[in-house]
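Participant: Please see the structure below; I have some questions.
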């Protein structure tokens, strides 16, 4: 009999949830940057090994929302925690627990969810005694199914983490074909790749006011070239100039890096064209949030 488990990956912004998902799947499906709140929607990844299928939901970082987009992101986290078999709770290896992390633990208690604790970035710890202190503190707050110190960056203990998650699977048919990696449409993946390059290239404040819409994605007949046309939306006219850059240099650099990643993921040649438009205050406009697929 085959086995399945639906697992939500939750935690505060910038703790490495998407990096862990990518490492577990062995391929990048979720964008990663050093800026918080990189993930905006629920991104599903599927790992099938032998008789077990693990279906993951990578959620936005749990935080206090400052606009309607933030409210949508937090609703995505709440929905995920309420509709899964278990959670993978990702934290950093040191520092005080954040109020949002304590709030998540309270959600676990109310749902009586099986939870595996993944302490990420352990390769950054100068003193391993700090790790033991961290484990003891968290273990006193919740009865975790397992505690696994990991490094998504270096791949430390990822196999052990997968093994622990497999223990949570129950007898069930597979919900996805065995070769499925994600449920995300190709247009969404292409848009997220562009947004990642923007996140990595732009100043701290601008990326959170950026959205990407794929206007066209068409494979040429008798060719392995896919034409993609994308519009990058920002909130201010001054931001538009920064995104385009002097003589179009920034937009060209972002487009080149995005095209290279798309060609690796889609395994074909990509002809990518990007434009930049201003939509003032779009993060507080329900209609635009819906149009960008962020609700």
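In the numbering used here, the protein residues as written are 50 to 344.
Yeah, the Cβ is synthetic: ideal placement off N, Cα and C, and Gly gets one too.
Since the structure is predicted, the reported quantities are computational estimates derived from the model, not experimental observations.
#1: Classify residue 172 as helix, strand or coil using the three-state DSSP reduction.
#2: Would you mind sorting residue 161 into buried or exposed? The rule is 16 or more other CB atoms within 10 Å of its CB.
#3: Apart from the five residues on each side of it in sequence, which residues of its chain come closer than 6 angstroms, Cβ to Cβ, to residue 136?
#4: Taking the straight line between their C-alpha atoms, what separation do you get for residue 375 and residue 268?
#5: Quick check: the Cα distance between residue 185 and residue 179, rounded to an integer number of angstroms?
#6: Less than 9 angstroms between the beta carbons of residue 314 and residue 211, yes or no?
#7: For residue 52 and residue 320, I'd like the C-alpha separation in whole angstroms.
#8: Using only CA atoms, which one of 151, 72, 223, 260 lies nearest to residue 61?
#9: Specify the secondary structure class of residue 112 as computed by DSSP and reduced to three states.
#10: Go through the region 256-323 residue by residue and report every complete run of the alpha helix (DSSP H) that reaches 4 residues or more, in order.
#11: Among all the DSSP beta bridges, which residues are the ones paired with residue 93?
#12: For residue 278 versus residue 265, is the C-beta spacing smaller than 9 angstroms?
#13: Could you give the distance in angstroms between the alpha-carbon of residue 247 and the alpha-carbon of residue 312?
#14: For residue 104, is the classification buried or exposed, using 16 other Cβ atoms within 10 angstroms of its Cβ as the cut-off for buried?
#15: Exposed or buried, which one is residue 290 when buried takes at least 16 other CB atoms within 10 Å?
#16: Throw me the rounded Cβ distance for the residue 64 and residue 140 pair, which I believe falls under 8 angstroms.
#17: Between the Cα of residue 107 and the Cα atoms of 74, 99, 316, which residue gives the shortest distance?
#18: Three-state secondary structure (DSSP) at residue 182?
#19: Could you tell me the distance, in whole angstroms, from the CA atom of residue 316 to the CA atom of residue 191?
#20: Of the choices 298, 263, 308, whose alpha-carbon is the least far from that of residue 274?
#21: Between the Cα of residue 303 and those of 94, 217, 330, 323, spot the shortest distance and give me the residue it belongs to.
#22: I need the DSSP call for residue 158, collapsed to helix, strand or coil.
#23: Residue 166 and residue 196 look like a contact to me (Cβ under 8 angstroms); what is the Cβ gap, rounded to whole Å?
#24: In the DSSP assignment, find the unbroken alpha helix (DSSP H) run with residue 239 in it and report its ends.
#25: Note down the Cα distance separating residue 114 from residue 187, rounded to an integer number of angstroms.
#26: Per DSSP, what are the beta-bridge partners of residue 220 in this structure?
#27: Using alpha carbons as the reference points, say which of 203, 177, 201, 215 lies closest to residue 194.
#28: By the DSSP assignment, the beta strand (DSSP E) with residue 137 in it spans what residues?
Facilitator: Here's the rundown:
#1: As a working mapping, residue 172 is identified with position 123 in the chain shown. In this structure, residue 172 counts as helix in the three-state DSSP scheme.
#2: As a position in the chain shown, residue 161 is number 112, starting the count at 1. Label assigned to residue 161: exposed.
#3: One-based indexing of the chain shown puts residue 136 at position 87. Cβ within range, chain order: 57, 59, 162, 164.
#4: Because the chain in this structure spans residues 50 to 344, residue 375 falls outside the shown range and cannot be described.
#5: The residue labelled residue 185 in the question sits at position 136 within the chain shown. The residue labelled residue 179 in the question sits at position 130 within the chain shown. If I take the Cα positions, the gap works out to 10 angstroms.
#6: Taking the first residue of the chain shown as position 1, residue 314 is located at position 265. Taking the first residue of the chain shown as position 1, residue 211 is located at position 162. Going by C-beta atoms, residue 314 is not nearer than 9 angstroms to residue 211.
#7: As a first step, residue 52 is located in the chain shown; it is residue number 3 there, counting from the start. As a first step, residue 320 is located in the chain shown; it is residue number 271 there, counting from the start. If you take the alpha carbons of residue 52 and residue 320, they lie about 41 angstroms apart.
#8: Residue numbering aside, residue 61 sits at position 12 when the chain shown is read from its first letter. Out of 151, 72, 223, 260, 151 has the C-alpha closest to the C-alpha of residue 61.
#9: On the chain shown, position 63 is the one that residue 112 refers to. Bear in mind that a pLDDT of 43 at residue 112, under 50, signals an unreliable position, so the number given afterwards is only what the model happens to contain. Note: residue 112 maps to coil in three-state DSSP.
#10: 286-293, 298-315
#11: In the chain shown, the residue the question calls residue 93 occupies position 44. In the DSSP output, where bridge partners are listed per residue, residue 93 has 106.
#12: Translated into the one-based positions of the chain shown, residue 278 becomes position 229. Translated into the one-based positions of the chain shown, residue 265 becomes position 216. Cβ distance < 9 angstroms, so residue 278 and residue 265 count as in contact.
#13: Taking the first residue of the chain shown as 1, we reach residue 247 at position 198. Taking the first residue of the chain shown as 1, we reach residue 312 at position 263. Straight-line Cα distance between these residues: approximately 18 angstroms.
#14: Position 55 of the chain shown holds residue 104. Its Cβ being crowded by 16 or more others within 10 Å, residue 104 is buried.
#15: Within the chain shown, residue 290 is the residue found at index 241, counting from 1. Label assigned to residue 290: exposed.
#16: As a working note, residue 64 is residue 15 in the chain shown. As a working note, residue 140 is residue 91 in the chain shown. The Cβ separation is near 6 angstroms, so the contact holds.
#17: Position 58 of the chain shown, counted from the start, is the residue given in the question as residue 107. The candidate whose alpha carbon is nearest that of residue 107 is 74.
#18: Taking the chain shown and counting its residues from 1, one reaches residue 182 at position 133. Helix at residue 182.
#19: Counted from its first residue, the chain shown places residue 316 at position 267. Counted from its first residue, the chain shown places residue 191 at position 142. Using only the alpha carbons, I get a separation of about 44 angstroms.
#20: In the chain shown, residue 274 corresponds to position 225, counting from 1. Considering only alpha carbons, the answer is 308.
#21: Residue numbering aside, residue 303 sits at position 254 when the chain shown is read from its first letter. Checked all of 94, 217, 330, 323; the closest Cα to residue 303 is 323.
#22: Sequence index remark: in the chain shown, residue 158 carries index 109 (1-based). In this structure, residue 158 counts as helix in the three-state DSSP scheme.
#23: Along the chain shown, read from residue 1 onward, the residue named residue 166 stands at position 117. Along the chain shown, read from residue 1 onward, the residue named residue 196 stands at position 147. With 8 angstroms as the limit, residue 166 and residue 196 qualify as a contact, their Cβ atoms being about 5 angstroms apart.
#24: Working through the chain shown from its first residue, we reach residue 239 at position 190. Note, residue 239: alpha helix (DSSP H), 235-250.
#25: Counted from its first residue, the chain shown places residue 114 at position 65. Counted from its first residue, the chain shown places residue 187 at position 138. Model confidence at residue 114 stands at a pLDDT of 48, short of 50, so the residue's coordinates are unreliable; what they give is reported in the following sentence. About 25 angstroms.
#26: Residue numbering aside, residue 220 sits at position 171 when the chain shown is read from its first letter. Its beta-bridge partners are 52.
#27: The count along the chain shown starts at 1 and reaches residue 194 at position 145. Per the Cα distances, 215.
#28: If you number the chain shown from 1, residue 137 lands on position 88. Looking at the DSSP string, the run of the beta strand (DSSP E) that includes residue 137 is 135-140.
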